[in-house]
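Under the numbering used here, think of the first position of the sequence shown as 1, with each following residue one higher. Scroll down for the structure; my scribbles are underneath it.
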Amino acid sequence: MSLENRKFTHNNEGFSCEYCGALVLPRRQSCRNHCPSCLSSKHVDLSVGDRANPCQGQMKAVAFRYTSRKGIILSFSCLKCGHKAENIAAYEDPIQSDNFSEILSLSASLSSPRLDLP
Ligand SMILES: [Zn+2]
Ligand SMILES: [Zn+2]
Numbered sequence: 001m002s003l004e005n006r007k008f009t010h011n012n013e014g015f016s017c018e019y020c021g022a023l024v025l026p027r028r029q030s031c032r033n034h035c036p037s038c039l040s041s042k043h044v045d046l047s048v049g050d051r052a053n054p055c056q057g058q059m060k061a062v063a064f065r066y067t068s069r070k071g072i073i074l075s076f077s078c079l080k081c082g083h084k085a086e087n088i089a090a091y092e093d094p095i096q097s098d099n100f101s102e103i104l105s106l107s108a109s110l111s112s113p114r115l116d117l118p
């Protein structure tokens, strides 16, 4: 693998979402890894934060669940390799919160029976 993915080595700086174009601001407490607008992120980690994964596929939010301790947890699935990951939603972030209606739209796809799938 070449080093051309160097722009993703910054851990906690703002970036522009390559899927919807929204400017994603850095978070103070924890490292944001998904776009607050379209909830997509990129499959760049082998283990959390190392940016060592050559996949580079789009990690798309597919579902969410609620826990009383951590709040809303988003489930992501890589469109390229099928890898699954979870990340805490930043829907109460004072600087830039996640698109709450986008999160709720995930719930609809979760609760409806998947009768149309093989
Ligand atoms: Zn986006
Ligand atoms: Zn992947």
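The C-beta atom is built at its ideal place from N, Cα and C for all residues, glycine as well.
For the set C81, I103, V62 and A85, the Cα lying nearest the Cα of Y91 is the one of I103. Within the same chain, and ignoring the five residues on either side of I95 in sequence, the residues whose Cβ sits closer than 6 Å to its Cβ are L25. The C-alpha of A22 lies about 21 Å from the C-alpha of I73. Around ligand 1, the residues whose beta-carbon falls short of 5 Å from at least one of its heavy atoms are C17, Y19, C20, A22, C35, S37 and C38, given in chain order.
Exclusion of K84 from the 7 Å shell around ligand 2 follows from its C-beta lying no nearer than that to any non-hydrogen atom of the ligand.
In this structure, DSSP gives E86 an extended state, which the three-state scheme calls strand.
In the three-state scheme derived from DSSP, where H, G and I count as helix and E and B as strand, L74 is classed as strand.
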